[in-house]
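Okay, so the sequence shown: first residue is 2 according to my numbering, each after it adds one.
Note that the Cβ used here is the ideal one computed from N, Cα and C, for glycine as well.
Only a predicted model underlies this, so the values are computations on that prediction, with no experimental measurement involved.
I have placed the structure first, in the form of structure tokens, so that the comments after it can refer back to it.
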Amino acid sequence: MVLQILFGPAGIPIGTPGEGTAAGIEYCRALGLGAMEVEFVHGVNMKEEKARAAGEAARKNGVKLSCHAPYYINCCAKEKPKVEASVRYIVTTAQAAHWLGASPIVIHTGFYMERPAEECKKLVYETYEQCLDEMKALKISGVVLGAELTGKKSAYGSLDEIIDLASHFGLKRLMPVIDYAHFHAREGRLGTKGDYLKILERMETWLGSEAAKNFHCHFSGIEYTDKGERSHLPVSSGSPQFAPLAQAWKENGWSGTVICESPLIEKDALALQRTFASAR
Ligand SMILES: [Zn+2]
Numbered sequence: 002m003v004l005q006i007l008f009g010p011a012g013i014p015i016g017t018p019g020e021g022t023a024a025g026i027e028y029c030r031a032l033g034l035g036a037m038e039v040e041f042v043h044g045v046n047m048k049e050e051k052a053r054a055a056g057e058a059a060r061k062n063g064v065k066l067s068c069h070a071p072y073y074i075n076c077c078a079k080e081k082p083k084v085e086a087s088v089r090y091i092v093t094t095a096q097a098a099h100w101l102g103a104s105p106i107v108i109h110t111g112f113y114m115e116r117p118a119e120e121c122k123k124l125v126y127e128t129y130e131q132c133l134d135e136m137k138a139l140k141i142s143g144v145v146l147g148a149e150l151t152g153k154k155s156a157y158g159s160l161d162e163i164i165d166l167a168s169h170f171g172l173k174r175l176m177p178v179i180d181y182a183h184f185h186a187r188e189g190r191l192g193t194k195g196d197y198l199k200i201l202e203r204m205e206t207w208l209g210s211e212a213a214k215n216f217h218c219h220f221s222g223i224e225y226t227d228k229g230e231r232s233h234l235p236v237s238s239g240s241p242q243f244a245p246l247a248q249a250w251k252e253n254g255w256s257g258t259v260i261c262e263s264p265l266i267e268k269d270a271l272a273l274q275r276t277f278a279s280a281r
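Structure follows, in structure tokens:
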């Protein structure tokens with residue numbers, strides 16, 4: 002079995018000569034990176050023509066694309082208009098992803114707003130179902146929703162919650178996006194290979210071996226308080242360590258994509274790729 006894990010930056014690399022998504026994709030290839038996440042975190046403003054051209058650049062350069070949906074989403078908002086706006090953000094991100102040939106679209110699901118998690122869960126199910134229905138009606142294909150493990154304890158998206166979502170909708174419609182830095186900040190400190198293996202085993206037990214073949218995840222260093230994440234740090238911070246995760250993946254034959262959300266997006270994506278290559 003050829004074990005393939007692709008690495009790439011969260012957004013257009015900082016050192017990209019020229020401007021725009023297509024130039025960023027070409028630069029990823031020049032650096033030897035195989036993936037890139039297109040960031041729509043402050044809104045989706047990409048027209049069809051530009052998206053299709055960037056998608057073409059990605060295919061030509063063999064760079065796998067994913068997208069990140071806007072930060073303003075709250076799938077379990079108390080107010081109906083806020084839920085409707087969240088659906089709009091998700092569906093327009095999905096539309097752009099379809100033009101780009103990108104998947105998954107990574108989403109911060111929402112906030113508990115001091116309600117029990119069970120109450121939010123019902124709303125989250127309904128909102129994601131509505132998004133998937135609208136995507137189907139618009140003939141948006143090949144785009145999977147990616148529920149991210151969120152970094153704040155006030156946000157919907159613990160490890161168990163995102164695994165539950167993927168199990169409810171099926172991996173072909175919604176996949177869990179583990180952000181290991183967020184896990185480190187929110188749920189428990191990651192130090193040893195055993196810490197990472199617990200996460201991988203939990204995914205495999207609940208979602209089957211399919212979850213191990215085509216994962217999508219985020220990695221960076223992180224600064225945190227007891228409320229969870231504070232800010233992302235360079236990988237060299239060692240908080241958490243990447244090498245034990247690379248070993249856990251290799252030993253268990255996992256494959257997928259790693260997006261680096263450190264402030265040094267492409268430099269650290271390369272550092273992660275090197276660490277993975279030398280892991281035993
Ligand atoms: Zn995110």
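With a CB to CB cut of under 7 Å and the five nearest residues on each side skipped, what residues in its chain are close to residue i?
{"i": "residue 54", "result": "23"}
{"i": "residue 2", "result": "Low local confidence applies: a pLDDT of 47 at residue 2 is under 50, so the model's placement there is unreliable, and no value is given."}
{"i": "residue 109", "result": "72, 74, 149, 151, 156, 158"}
{"i": "residue 52", "result": "97, 100, 101"}
Please go through the same chain and pick out, in chain order, the residues whose beta-carbon is closer than 6 Å to the beta-carbon of residue i, but skip the five residues on each side of it.
{"i": "residue 135", "result": "92"}
{"i": "residue 84", "result": "78, 128"}
{"i": "residue 95", "result": "106, 136, 141, 144"}
{"i": "residue 196", "result": "none"}
{"i": "residue 184", "result": "150"}
{"i": "residue 7", "result": "35, 36, 65, 258"}
{"i": "residue 45", "result": "93, 94, 97"}
{"i": "residue 124", "result": "77"}
{"i": "residue 161", "result": "none"}
What first and last residue would you give for the beta strand (DSSP E) that runs through residue i?
{"i": "residue 232", "result": "229 to 234"}
{"i": "residue 65", "result": "65 to 69"}
{"i": "residue 126", "result": "No beta strand (DSSP E) holds residue 126; the alpha helix (DSSP H) holding it covers 118 to 138."}
{"i": "residue 93", "result": "Premise fails: residue 93 lies in the alpha helix (DSSP H), 81 to 101, not in any beta strand (DSSP E)."}
{"i": "residue 258", "result": "257 to 261"}
{"i": "residue 36", "result": "36 to 40"}
{"i": "residue 8", "result": "6 to 10"}
Ends of the alpha helix (DSSP H) at residue i?
{"i": "residue 151", "result": "Careful: residue 151 lies outside any alpha helix (DSSP H) and carries neither H nor E."}
{"i": "residue 45", "result": "Taken as a continuous stretch (DSSP letters only), residue 45 belongs to no alpha helix (DSSP H), as it is neither H nor E."}
{"i": "residue 266", "result": "266 to 279"}
{"i": "residue 15", "result": "Per DSSP, residue 15 belongs to no alpha helix (DSSP H) and is neither H nor E."}
{"i": "residue 225", "result": "Where residue 225 is concerned, there is no enclosing alpha helix (DSSP H), although the beta strand (DSSP E) it sits in stretches over 222 to 226."}
{"i": "residue 1", "result": "The chain is shown from 2 up to 281; residue 1 falls before or after that span and cannot be answered."}
{"i": "residue 26", "result": "22 to 32"}
{"i": "residue 204", "result": "194 to 208"}
{"i": "residue 246", "result": "244 to 253"}
Ligand 1 and residue i: does any heavy atom of the ligand fall closer than 6 Å to the residue's C-beta?
{"i": "residue 38", "result": "no"}
{"i": "residue 149", "result": "yes"}
Please say whether residue j and residue i have beta carbons closer to each other than 7 Å?
{"i": "residue 152", "j": "residue 178", "result": "no"}
{"i": "residue 13", "j": "residue 59", "result": "no"}
{"i": "residue 38", "j": "residue 70", "result": "no"}
{"i": "residue 150", "j": "residue 163", "result": "yes"}
{"i": "residue 237", "j": "residue 224", "result": "no"}
{"i": "residue 98", "j": "residue 68", "result": "yes"}
{"i": "residue 121", "j": "residue 64", "result": "no"}
{"i": "residue 202", "j": "residue 212", "result": "no"}
{"i": "residue 249", "j": "residue 194", "result": "yes"}
{"i": "residue 270", "j": "residue 9", "result": "yes"}
{"i": "residue 214", "j": "residue 256", "result": "yes"}
{"i": "residue 154", "j": "residue 229", "result": "yes"}
{"i": "residue 181", "j": "residue 220", "result": "yes"}
Kindly list the residues whose CB is nearer than 8 Å to the CB of residue i, restricted to its own chain and excluding five residues on each side of it in sequence; keep chain order.
{"i": "residue 239", "result": "222"}
{"i": "residue 192", "result": "241, 242, 245"}
{"i": "residue 56", "result": "66, 100, 101, 102, 103"}
{"i": "residue 208", "result": "164, 167, 168, 172, 177"}
At a Cβ threshold of 7 Å, is residue i touching chain B?
{"i": "residue 140", "result": "In summary, chain B is missing from the structure at hand, where a single protein chain is found."}
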